[in-house]
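Numbering (the numbering used here), first residue to last: 260 to 461.
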């Protein structure tokens, strides 16, 4: 009996753990969005003007955090000077550049309820690049390569309506792992600007 009383006293002296601390607590609101994206960035050895078309979307947590994805592809014609190993000479204008990338998109939204606010984001993923014959639009598997992409950036967002927002932003695309004749990592990396249309529940 004495032993049981002693155990109860010891257990009573041990402090109970406080409430679990989490990044997001209390009632959490959920939403989501999706929409098209138009990007401008210089690409290629000659840093030609490039227009990218794509889309992105994600799950919105408590009006503040977004977990989603995005994908973009080069839609404008960018000439590529392909090096012909057989003749040991470059062939200007014979090929055009094909380049696309996408991946996981993480966003932080600051004061989502305000008419004009900002958000920061980062896309982490991969993509591919290859040369396409200008005359036949045929892909050459021997002249293609995969790559790794990290693209951090920021957006200025305008709340047009409860279900529609438009963003104007800048980003920097870091590319690594390019191993294709005539191209380097820096040829596909660079600063860019974009417009994003967001439709959803914010």
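All C-beta atoms, glycine included, are put in the ideal place defined by N, C-alpha and C.
Buried or exposed by the 16-neighbour rule on C-beta atoms within 10 Å, applied to residue i
i           : result
residue 378 : buried
residue 373 : exposed
residue 305 : exposed
residue 315 : buried
residue 369 : exposed
residue 453 : buried
residue 460 : exposed
residue 269 : Residue placement at residue 269 is poorly supported in this model, since its pLDDT is 48, which falls under 50; the coordinates still yield a value, given next. Exposed.
residue 390 : buried
residue 448 : buried
residue 430 : buried
residue 367 : exposed
residue 380 : buried
residue 435 : exposed
residue 334 : exposed
residue 358 : buried
residue 450 : exposed
residue 432 : buried
residue 427 : exposed
Opening and closing residue of the beta strand (DSSP E) in which residue i lies
i           : result
residue 335 : First-last for residue 335: undefined, no H or E at that position.
residue 301 : 289-302
residue 308 : 307-320
Beta-bridge partners of residue i, as assigned by DSSP
i           : result
residue 458 : 293 and 423
residue 357 : 389
residue 451 : 300 and 430
residue 285 : Residue 285 pairs with nothing; no bridge assigned.
(request) With a floor of 3 residues, list each beta strand (DSSP E) that falls wholly inside the segment 367-448, ordered by position along the chain. (result) 375-392, 398-420 and 423-435
(message) For the pair the segment 418-430 and the segment 439-449, tell me if three or more CB-CB distances fall below 8 Å.
(response) No, the segment 418-430 is not in contact with the segment 439-449.
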